[in-house]
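Position one of the sequence shown corresponds to residue 1 (the UniProt record's numbering), numbered consecutively onward. For glycine and all other residues, C-beta sits at the position ideal for the given N, C-alpha and C. Bear in mind the structure is a predicted one, so any value in this text is a computation, not a measurement. One structure is given below, encoded as C-alpha coordinates.
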Amino acid sequence: MDDDRMHYFNGTGWLAIFTGTETMIGRTVDVNAWDEATGVALVVDPQRGTRRPVTDYPDFSHLERADQVVAAIPGGGWRAYWKDEGPSNGPLTEQVLAWLVTAKGRATPITVDAHGHVDDAESADRLIPPGEE
(Lines of atoms letter the chains of each structure in order from A and count residues from 1; the text may use other names and numbers.)
(Lines give C-alpha, C1' and ligand atoms only; values in the text may rest on other atoms or scores of the structure.)
Protein backbone atom coordinates (compact mmCIF):
# COMPACT_ATOMS: atom_id res chain seq x y z
CA MET A 1 0.00 0.00 0.00
CA ASP A 2 1.31 3.47 -0.87
CA ASP A 3 1.97 5.79 2.07
CA ASP A 4 0.13 8.66 0.37
CA ARG A 5 -3.26 6.93 0.31
CA MET A 6 -5.72 6.42 3.09
CA HIS A 7 -5.12 3.15 4.91
CA TYR A 8 -7.53 0.29 4.40
CA PHE A 9 -9.82 -0.33 7.35
CA ASN A 10 -12.59 -2.89 7.62
CA GLY A 11 -14.43 -5.06 10.08
CA THR A 12 -12.73 -8.39 9.37
CA GLY A 13 -9.14 -7.19 9.13
CA TRP A 14 -8.64 -8.74 5.67
CA LEU A 15 -8.65 -7.62 2.01
CA ALA A 16 -9.03 -9.79 -1.09
CA ILE A 17 -6.71 -8.85 -3.96
CA PHE A 18 -7.85 -9.51 -7.53
CA THR A 19 -5.53 -9.16 -10.54
CA GLY A 20 -8.18 -8.34 -13.13
CA THR A 21 -9.55 -10.01 -16.24
CA GLU A 22 -10.17 -8.93 -19.83
CA THR A 23 -13.41 -7.23 -18.74
CA MET A 24 -12.51 -6.13 -15.18
CA ILE A 25 -9.61 -4.13 -13.81
CA GLY A 26 -7.59 -5.33 -10.83
CA ARG A 27 -9.17 -4.43 -7.53
CA THR A 28 -9.03 -4.69 -3.77
CA VAL A 29 -12.22 -5.80 -2.01
CA ASP A 30 -13.04 -5.99 1.69
CA VAL A 31 -13.44 -9.51 3.01
CA ASN A 32 -16.96 -9.36 4.40
CA ALA A 33 -17.08 -12.69 6.27
CA TRP A 34 -15.81 -16.27 6.30
CA ASP A 35 -17.70 -19.35 5.11
CA GLU A 36 -18.29 -21.35 8.28
CA ALA A 37 -18.15 -24.72 6.52
CA THR A 38 -15.08 -24.19 4.32
CA GLY A 39 -13.26 -21.28 5.98
CA VAL A 40 -13.01 -19.49 2.62
CA ALA A 41 -13.12 -15.68 2.62
CA LEU A 42 -16.36 -14.14 1.33
CA VAL A 43 -16.76 -10.85 -0.55
CA VAL A 44 -19.88 -9.00 -1.62
CA ASP A 45 -20.77 -9.40 -5.31
CA PRO A 46 -22.75 -6.22 -6.12
CA GLN A 47 -23.94 -7.59 -9.49
CA ARG A 48 -25.51 -10.68 -7.88
CA GLY A 49 -26.43 -9.00 -4.62
CA THR A 50 -24.90 -11.77 -2.52
CA ARG A 51 -21.73 -12.89 -0.82
CA ARG A 52 -19.40 -15.10 -2.85
CA PRO A 53 -16.27 -17.06 -1.98
CA VAL A 54 -13.11 -15.39 -3.28
CA THR A 55 -12.21 -18.71 -4.89
CA ASP A 56 -15.22 -18.29 -7.25
CA TYR A 57 -13.36 -15.50 -9.04
CA PRO A 58 -10.81 -16.56 -11.68
CA ASP A 59 -8.62 -13.51 -10.97
CA PHE A 60 -8.43 -13.95 -7.18
CA SER A 61 -4.79 -13.53 -6.20
CA HIS A 62 -4.41 -13.50 -2.41
CA LEU A 63 -5.52 -12.04 0.91
CA GLU A 64 -3.79 -9.16 2.69
CA ARG A 65 -4.20 -7.83 6.19
CA ALA A 66 -6.16 -4.64 6.75
CA ASP A 67 -6.52 -2.63 9.93
CA GLN A 68 -9.50 -4.03 11.78
CA VAL A 69 -11.44 -1.15 13.32
CA VAL A 70 -12.88 -2.02 16.72
CA ALA A 71 -13.97 1.48 17.77
CA ALA A 72 -14.42 5.02 16.52
CA ILE A 73 -14.32 7.85 18.99
CA PRO A 74 -14.99 11.58 18.44
CA GLY A 75 -12.09 13.84 17.52
CA GLY A 76 -12.37 15.63 20.85
CA GLY A 77 -11.09 18.99 19.63
CA TRP A 78 -7.79 17.68 18.25
CA ARG A 79 -6.46 19.23 15.03
CA ALA A 80 -4.03 18.02 12.38
CA TYR A 81 -1.41 20.45 11.08
CA TRP A 82 0.63 20.32 7.87
CA LYS A 83 3.28 23.00 7.34
CA ASP A 84 3.08 23.04 3.52
CA GLU A 85 -0.18 21.36 2.37
CA GLY A 86 -2.41 24.45 2.32
CA PRO A 87 -2.99 27.10 -0.37
CA SER A 88 0.22 28.20 -2.10
CA ASN A 89 2.07 25.44 -0.21
CA GLY A 90 1.37 27.21 3.08
CA PRO A 91 0.14 25.76 6.36
CA LEU A 92 -3.06 23.77 6.67
CA THR A 93 -4.99 22.85 9.80
CA GLU A 94 -8.00 20.49 9.82
CA GLN A 95 -10.23 19.29 12.62
CA VAL A 96 -9.92 15.65 13.61
CA LEU A 97 -13.41 14.30 13.00
CA ALA A 98 -12.78 10.96 14.71
CA TRP A 99 -10.13 8.51 15.85
CA LEU A 100 -10.31 4.99 14.44
CA VAL A 101 -9.03 2.47 16.95
CA THR A 102 -7.74 -0.82 15.55
CA ALA A 103 -7.61 -4.27 17.11
CA LYS A 104 -3.87 -3.70 17.65
CA GLY A 105 -4.57 -0.58 19.73
CA ARG A 106 -3.50 1.94 17.10
CA ALA A 107 -5.49 5.19 16.93
CA THR A 108 -5.63 6.87 13.52
CA PRO A 109 -6.88 10.47 13.23
CA ILE A 110 -9.52 10.98 10.55
CA THR A 111 -10.05 14.51 9.22
CA VAL A 112 -12.60 16.19 7.00
CA ASP A 113 -11.63 19.15 4.82
CA ALA A 114 -13.65 22.21 3.80
CA HIS A 115 -15.05 20.28 0.80
CA GLY A 116 -16.23 17.34 2.90
CA HIS A 117 -13.46 14.95 1.82
CA VAL A 118 -12.51 12.47 4.52
CA ASP A 119 -8.96 11.17 4.87
CA ASP A 120 -6.57 9.94 7.51
CA ALA A 121 -4.13 12.46 8.94
CA GLU A 122 -1.17 10.15 9.43
CA SER A 123 0.96 12.34 7.17
CA ALA A 124 0.35 15.41 9.36
CA ASP A 125 3.45 17.17 10.61
CA ARG A 126 1.84 17.55 13.99
CA LEU A 127 -1.32 16.73 15.92
CA ILE A 128 -2.48 19.63 18.08
CA PRO A 129 -4.29 18.78 21.34
CA PRO A 130 -7.44 20.66 22.38
CA GLY A 131 -6.71 24.11 23.79
CA GLU A 132 -3.20 24.33 22.34
CA GLU A 133 -2.34 26.73 19.53
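Name the one or two DSSP bridge partners that residue i has.
i	result
residue 118	112
residue 82	92
residue 10	68
residue 30	15
Report buried or exposed for residue i, applying the criterion of at least 16 other Cβ atoms within 10 angstroms of its Cβ.
i	result
residue 130	exposed
residue 126	exposed
residue 108	buried
residue 11	exposed
residue 118	exposed
residue 23	exposed
residue 133	exposed
residue 28	exposed
If you follow the beta strand (DSSP E) that residue i is part of, which residue opens it and which one closes it?
i	result
residue 101	92-102
residue 45	41-45
residue 70	67-74
residue 128	126-128
residue 16	14-18
residue 52	50-53
residue 23	Taken as a continuous stretch (DSSP letters only), residue 23 belongs to no beta strand (DSSP E), as it is neither H nor E.
Three CB pairs or more closer than 8 Å across the stretch 30-37 and the stretch 48-65: In short, these stretches touch, since the Cβ pair count reaches three.
contact_flag[the stretch 54-63, the stretch 95-103] where n(CB pairs < 8 Å) is 3 or more: Inter-segment contact for the stretch 54-63 and the stretch 95-103 is absent: fewer than three beta-carbon pairs are separated by less than 8 Å.
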